[in-house]
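In order, the protein sequences belong to chains V and F. In terms of numbering that gives the first Met the number 0, the first sequence opens at residue 0 and continues consecutively. In terms of numbering that gives the first Met the number 0, the second sequence opens at residue 0 and continues consecutively. A virtual CB, placed ideally from N, CA and C, is assigned to each residue, including glycine. As the structure is a computational prediction, the values presented were derived from the model and not from experiment.
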Amino acid sequence: MNSLDGLKRAEPEPFFYTRLSARLMKEEKNFWGRMSRVITRPAIAGLSMVFILSINIFVVLHHFSLVSHLPEQMEMAVADEYNSTTTLYNIDNVQP
Amino acid sequence: MKQGDEAAFKEIVGSSQGLVYNTALGIVQNPEDAEDVSQEVFVQLYESIHSFKGESKLSTWLYRVTISKAMDHLRKKKRKKRFAFVQSIFGPNDELIHDPPDFIHPGVSLDNKEKASELFKAISQLPEKQKIAFTLNRIEGLNYQEISTIMQLTVASVESLLHRARKNLKKILESYYLENGR
């Protein structure tokens, strides 16, 4: 393990900053790179999550309220249907 | 720097590229990969400088991000190798998979190069945390306190990690020398 004694710090190849600048410019031009930088910002990611969760909760609650009112709605629909159809026979008023 | 001053950014890169590159190189043990990791670190610095709260020193932040990206890089490489091996079982594999040549750190003195190469091979077999602690201590020359700040561990934990790392390295090197009849 003494082979690392006096180890000198390694440096990158020359013109590292030039290559880095080129990469930064490439990332700037890349649409998905820019998008990922925006959507991964904590505030935006957090707000998006809250928004999606709210929509999910709304849909679930709305679904449950529809389901709970379904029997009443069905009764009303059946009643409407029977009331609106014209009857050929009127049992209470049978006339020859 | 926060006002996006390019000259300031260039100065920071100039003064800390050695720190980042040397740390990355110690972990990934490949100059091209270390350059890649270093660039990713500075790209992240450039993008996130506005949210840099300044609670820790910039160097601490650089070390942490470098370690994180270097370890991600290693894991990705391992996954690729595993996937390529599985592919080779099921069908023709056009991609040549070869073990890279032994890593020689450019900062090692000439008479120590061979032994250092064996040591780096052993370092690559250490568990993650031991590898990180050992790299920061022996390759970057940081003390226990500095390492504990970077790794967010107590000094005692760092001591323990380094102790176990040295023990494991001795074991690996001993079995290597025994196998090779030295």
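Between the C-alpha atoms of V/I38 and V/L46, what's the straight-line distance to the nearest angstrom? Working through the first sequence from its first residue, we reach residue 38 of chain V at position 39. Working through the first sequence from its first residue, we reach residue 46 of chain V at position 47. Cα to Cα, V/I38 sits roughly 10 Å from V/L46.
Exposed or buried, which one is V/V67 when buried takes at least 16 other CB atoms within 10 Å? If you number the first sequence from 1, residue 67 of chain V lands on position 68. Correcting the residue type first, residue 67 of chain V is Ser in the shown sequence and not Val. V/S67 is exposed by the Cβ-count criterion.
According to the neighbour-count rule (16 or more other Cβ atoms, all chains shown, within 10 Å of its Cβ), is F/K68 buried or exposed? The residue given as residue 68 of chain F occupies position 69 in the second sequence. Counting of Cβ neighbours within 10 angstroms places F/K68 among the buried residues, the total reaching 16 or more.
Report buried or exposed for V/F50, applying the criterion of at least 16 other Cβ atoms within 10 angstroms of its Cβ. As a first step, residue 50 of chain V is located in the first sequence; it is residue number 51 there, counting from the start. It is exposed - the Cβ of V/F50 has fewer than 16 other Cβ atoms within 10 Å.
Contact set between the region 4-25 of chain V and chain F, restricted to residues whose Cβ is under 9 Å from the partner: So the close ones are D4, G5, L6, K7, R8, A9, E10, P11, E12, F15, Y16, R18, L19, S20, R22, L23.
For the alpha helix (DSSP H) that F/F133 lies in, which residues bound it at each end? Translated into the one-based positions of the second sequence, residue 133 of chain F becomes position 134. F/F133 -> alpha helix (DSSP H) spans 127-133.
CB of F/I184 within 8 Å of CB of F/T59, strictly: Residue 184 of chain F is absent from the model: chain F starts at 0 and stops at 181.
From this set, F/T134, F/R137, F/A155, F/I138, which residue's C-alpha is nearest F/Q144's C-alpha? Indexing the second sequence from 1 puts residue 144 of chain F at position 145. Measuring C-alpha to C-alpha distances from F/Q144 to each of F/T134, F/R137, F/A155, F/I138 identifies F/A155 as the nearest.
Distance, V/S35 Cα to F/L141 Cα: The residue you call residue 141 of chain F lines up with position 142 of the second sequence. The residue you call residue 35 of chain V lines up with position 36 of the first sequence. Distance between the alpha carbons of F/L141 and V/S35: 35 Å.
With respect to the alpha helix (DSSP H) encompassing F/L44, which residues constitute its N-terminal and C-terminal limits? As a first step, residue 44 of chain F must be located in the second sequence, where it is residue number 45. It spans 30-47 - the alpha helix (DSSP H) in which F/L44 sits, taken as one unbroken run.
So, at 8 Å on beta carbons, what are the nonlocal neighbours of F/E31 in its own chain, with the 5 sequence-adjacent residues on each side left out? Indexing the second sequence from 1 puts residue 31 of chain F at position 32. Apart from sequence neighbours up to five positions away, no residue of its chain approaches F/E31 with a beta-carbon distance below 8 Å.
What's the C-alpha gap between V/S42 and F/S108? For the purposes of this step, residue 42 of chain V is taken as residue 43 along the first sequence, with counting starting at 1. For the purposes of this step, residue 108 of chain F is taken as residue 109 along the second sequence, with counting starting at 1. For the record, residue 42 of chain V in the displayed sequence is Ala; it is not Ser. In this structure, the alpha-carbon of V/A42 lies about 49 Å from that of F/S108.
Assumed close pair F/T22, F/T134 - CB separation to whole angstroms, cut-off 8 Å: Here residue 22 of chain F corresponds to residue number 23 of the second sequence, with the count starting at 1. Here residue 134 of chain F corresponds to residue number 135 of the second sequence, with the count starting at 1. With a beta-carbon spacing of about 7 Å, F/T22 and F/T134 fall inside the 8 Å limit used to define contacts.
Taking the CB atoms as reference points, tell me whether F/V40 and F/T65 lie closer together than 8 Å. Within the second sequence, numbered from 1, the residue matching residue 40 of chain F stands at position 41. Within the second sequence, numbered from 1, the residue matching residue 65 of chain F stands at position 66. When the beta-carbon positions are compared, F/V40 and F/T65 come within less than 8 Å of each other.
Taking F/I138 as the query, report the chain V residues whose CB atoms sit under 8 Å from its CB, ordered along the chain. Here the question's residue 138 of chain F lines up with position 139 in the second sequence. Chain V residues near F/I138: L3, L6.
Please list the terminal residues of the continuous alpha helix (DSSP H) segment that includes F/Q144. Along the second sequence, read from residue 1 onward, the residue named residue 144 of chain F stands at position 145. Segment 143-150, the alpha helix (DSSP H) holding F/Q144.
Beta-carbon proximity of F/A121 to F/L172, cut-off 8 Å: Mapped onto the second sequence, residue 121 of chain F falls at position 122. Mapped onto the second sequence, residue 172 of chain F falls at position 173. Annotated as proximal: F/A121 and F/L172, with beta-carbon spacing under 8 Å.
Give the C-beta separation of V/A9 and F/G13 to the nearest angstrom, bearing in mind that I take them to be a contact with Cβ-Cβ under 8 Å. Within the first sequence, numbered from 1, the residue matching residue 9 of chain V stands at position 10. Within the second sequence, numbered from 1, the residue matching residue 13 of chain F stands at position 14. Going by Cβ atoms, the distance from V/A9 to F/G13 rounds to 16 Å, so no, they are not a contact pair.
Can the beta-carbon of F/K128 be found closer than 8 Å to that of F/L160? In the second sequence, residue 128 of chain F corresponds to position 129, counting from 1. In the second sequence, residue 160 of chain F corresponds to position 161, counting from 1. Closer than 8 Å, so yes.
Should F/Y20 be flagged as near chain V, meaning a C-beta pair shorter than 8 Å? Position 21 of the second sequence, counting from 1, holds the residue named residue 20 of chain F. Closer than 8 Å to some Cβ of chain V, the Cβ of F/Y20 qualifies, so yes.
Kindly list the residues whose CB is nearer than 6 Å to the CB of V/F63, restricted to its own chain and excluding five residues on each side of it in sequence; keep chain order. Looking up residue 63 of chain V in the first sequence gives position 64. Correct list: empty, nothing qualifies.
Within-8 Å CB hit, V/M0 to chain F: Taking the first sequence and counting its residues from 1, the one referred to as residue 0 of chain V is at position 1. V/M0 has a beta carbon lying within less than 8 Å of a beta carbon in chain F.
Buried or exposed, going by whether 16 or more other CB atoms sit within 10 Å of the CB of V/I54? Within the first sequence, the letter at position 55 stands for residue 54 of chain V. Exposed: under 16 other Cβ atoms inside 10 Å.
If contacts are defined as beta-carbon pairs under 8 Å, then F/Y45 and F/F8 qualify, I think. What distance do you get, rounded to the angstrom? The count along the second sequence starts at 1 and reaches residue 45 of chain F at position 46. The count along the second sequence starts at 1 and reaches residue 8 of chain F at position 9. Rounded to whole angstroms, the Cβ separation of F/Y45 and F/F8 is 6 Å, and the two are in contact under 8 Å.
Buried or exposed: which applies to V/G5, given that a residue is buried once 16 or more other Cβ atoms fall within 10 Å of its Cβ? In the first sequence, the residue the question calls residue 5 of chain V occupies position 6. A residue is called buried when at least 16 other Cβ atoms come within 10 angstroms of its Cβ; V/G5 does not meet this threshold and is exposed.
Which term fits F/I138, buried or exposed, when burial requires 16 or more other beta carbons within 10 angstroms of its beta carbon? What you label residue 138 of chain F is simply residue 139 of the second sequence in a count that begins at 1. When all chains shown are included, F/I138 counts as buried.
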